[in-house]
């Protein structure tokens with residue numbers, strides 16, 4: 001082979017060697033290692049499980065409506081207790097004042113005749129509260145009005161405290177009000193009222209003991225007409241026969257019966 005031909009063959013071999021795929025290759029990019037899958041973060045826990053609970057908590061505030069109702073009831077109960085205790089102490093002062101040293105005593109022992117002609121003594125008033133009224137059967141207006149009021153008071157007290165009150169009517173006119181006259185007169189008002197009469201001296205004595213104004217004339221002729229003046233009070237006596245309180249015309253039947261029931265309750269304790 002000639003020298004030019006050998007050189008040509010050598011050049012071809014060199015080019016094939018340099019540009020073949022096995023000899024000259026571009027560097028491949030390095031792949032990054034696989035990443036671990038990222039977990040979604042759990043939602044942050046709130047103090048309230050639901051929106052409704054959160055709204056309910058926000059609307060109620062630190063106190064619930066039940067707490068508010070309980071608070072109001074407790075306050076009302078305390079007010080009622082203190083007002084009741086205040087009224088009870090006031091009634092006690094009134095009752096104690098009537099028994100105080102130096103005070104004129106209201107009430108006392110007596111022996112009279114009832115509307116059935118039987119003996120009735122002050123000892124028979126023991127064990128119950130008594131409501132005593134002084135009047136006379138020929139009274140034109142005051143006595144009928146007050147006895148109607150007394151009848152209403154009896155019913156109101158009997159409804160709440162059965163058998164605890166003894167109503168008594170004592171005449172200031174013994175000359176005309178005998179047992180028969182009392183029985184007929186009181187039947188028009190209330191069957192529970194006990195009517196009492198006696199001699200002039202007996203009636204005068206019991207009126208004096210109860211501090212009742214007594215103006216009935218002693219010497220009265222048959223058929224003689226005269227006026228009788230008397231006090232307009234109901235005298236409430238306790239089960240021991242001691243004076244408790246005087247109820248006047250300013251007290252309605254409801255107010256008077258409430259006072260009587262309060263004294264009965266205080267006595268029973």
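Numbering (the UniProt record's numbering), first residue to last: 1 to 269. Cβ coordinates follow ideal geometry from the N, Cα and C atoms, glycine included.
By the Cβ criterion, the region 205-220 is not in contact with the region 249-265, since fewer than three pairs of Cβ atoms, one from each stretch, lie closer than 8 Å.
Going by DSSP, residue 263 is part of the alpha helix (DSSP H) stretching over 253-268. The residues 177, 181 and 185, in chain order, have a CB closer than 6 Å to that of residue 137 in the same chain once the five nearest residues on each side in sequence are set aside. With distances taken between CA atoms, residue 265 lies nearest to 164 out of 66, 164, 132 and 152. The three-state secondary structure of residue 151, taken from DSSP, is helix. In terms of CA proximity to residue 167, 149 leads the group 173, 149 and 175.
With contacts defined by Cβ atoms closer than 8 Å, residue 216 and residue 113 do not form a contacting pair.
Taken through DSSP and simplified to helix, strand or coil, residue 194 comes out as strand.
Ranked by Cα distance from residue 201, the first of 111, 75 and 161 is 111. Counting the other Cβ atoms within 10 Å of the Cβ of residue 199 gives fewer than 16, which makes it exposed. Judged by DSSP secondary structure, residue 246 falls within the beta strand (DSSP E) whose first and last residues are 243-247. The beta strand (DSSP E) runs of length 3 or more contained entirely in the region 156-189 are, from start to end of the chain, 165-171. Between the C-alpha atoms of residue 254 and residue 156 there is a straight-line separation of about 7 Å. With a 10 Å radius around the Cβ and a threshold of 16 neighbouring Cβ atoms, residue 108 comes out exposed. Residue 212 sits away from residue 120, with the two beta carbons spaced by 8 Å or more. For residue 130, the CB contacts under 7 Å within the same chain, skipping 5 residues up- and downstream, are 166, 168 and 237 in chain order. In the same chain as residue 172, and ignoring 5 residues on each side of it, the C-beta atoms closer than 7 Å to its own belong to 134, 135, 136, 203, 207, 214, 216, 228 and 230, in chain order. Membership of residue 203 in the alpha helix (DSSP H) is indicated by the continuous run 200-209. Spatial neighbours of residue 154 in its own chain (CB-CB distance under 6 Å, excluding positions within 5 residues in sequence) are listed in chain order as 167, 190 and 192. Relative to the Cα of residue 123, the nearest Cα in the group 240, 259 and 256 belongs to 240. In the structure shown, the three-state DSSP call for residue 238 is coil. In the structure shown, the three-state DSSP call for residue 67 is helix.
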